[in-house]
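Trainee: With our numbering, the residue at position 110 of the sequence shown is 111, and numbering never jumps.
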Amino acid sequence: MKYLTRELKEYYMQDFNKNVLTCNIDYWRIDNGLKDILININNNPDVQTLYSKNYDSCKCESCRRNGGESYLIVSISRKYEEKMCKIVKQFKKLFKNGGFMFEEYCDFFNGGGSKISNMECNKNPQYFNISSFKFQLVTNDEKRQRFFWQFLNNNLSK
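1) Using the C-alpha atoms, what's the distance from GLN49 back to MET14?
2) Start and end of the beta strand (DSSP E) containing TYR52?
3) Is it the case that the region 78-97 contacts the region 124-132, given that we only count it when at least three CB pairs across the two stretches are under 8 angstroms?
4) Grab me the residues of LEU9's own chain with a C-beta within less than 8 angstroms of its C-beta, minus the 5 sequence neighbours each way, in chain order.
5) Indicate the three-state DSSP secondary structure (helix, strand or coil) for TYR13 in the structure shown.
6) To the nearest whole angstrom, what separates the beta carbons of LEU51 and ILE74, a pair I think is in contact under 8 angstroms?
7) Here's the rule: buried if 16 or more other CB atoms are within 10 angstroms of the residue's CB, otherwise exposed. What is LEU95?
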């Protein structure tokens, strides 16, 4: 497993603060309602957000018909591994229709959006060369979606 190190945390945070928080390109911009949550989680020195989507970001009929999808992909330090196991167990209990995935290595992200962004995920083929955890929920229930993000914020920011 490739863990988040202090050097990697600094690298990701520099990109987050310089490029992610300031991005104005629709495809890459932080989804509504996530900015403060991502900042809180990234304030934890043992957790780093890598990619996120809020169900509310897509208003098209197809997204609503198929269920609103929210997800958060994070990496963690070795020190945080035991706590992450507890969070995952709690997540699975609370979000039975949610999905959880662990990826040992995720290939270079090749999103369908504009590559105009200066974000490192568009420029560095090693950006996602880290073990990652994906929390996902697909539902149109707004109360459940809000609870999903509250749960992640409350648990990953500590």
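The C-beta atom is built at its ideal place from N, Cα and C for all residues, glycine as well.
Mentor: Per the coordinate set shown:
1) Locating residue 14 in the sequence shown gives position 13, where the first residue counts as 1. Locating residue 49 in the sequence shown gives position 48, where the first residue counts as 1. Near 8 angstroms, if we compare the C-alpha coordinates of GLN49 and MET14.
2) By one-based count along the sequence shown, residue 52 stands at place 51. It spans 48-54 - the beta strand (DSSP E) in which TYR52 sits, taken as one unbroken run.
3) no
4) Position 8 of the sequence shown, counted from the start, is the residue given in the question as residue 9. Excluding positions up to five away in sequence, the list reads GLN49, SER76 and ILE131.
5) As a first step, residue 13 is located in the sequence shown; it is residue number 12 there, counting from the start. Note: TYR13 maps to helix in three-state DSSP.
6) What you label residue 51 is simply residue 50 of the sequence shown in a count that begins at 1. What you label residue 74 is simply residue 73 of the sequence shown in a count that begins at 1. 5 angstroms between Cβ atoms; contact.
7) Along the sequence shown, read from residue 1 onward, the residue named residue 95 stands at position 94. Exposed, because fewer than 16 other Cβ atoms sit within 10 Å of the Cβ of LEU95.
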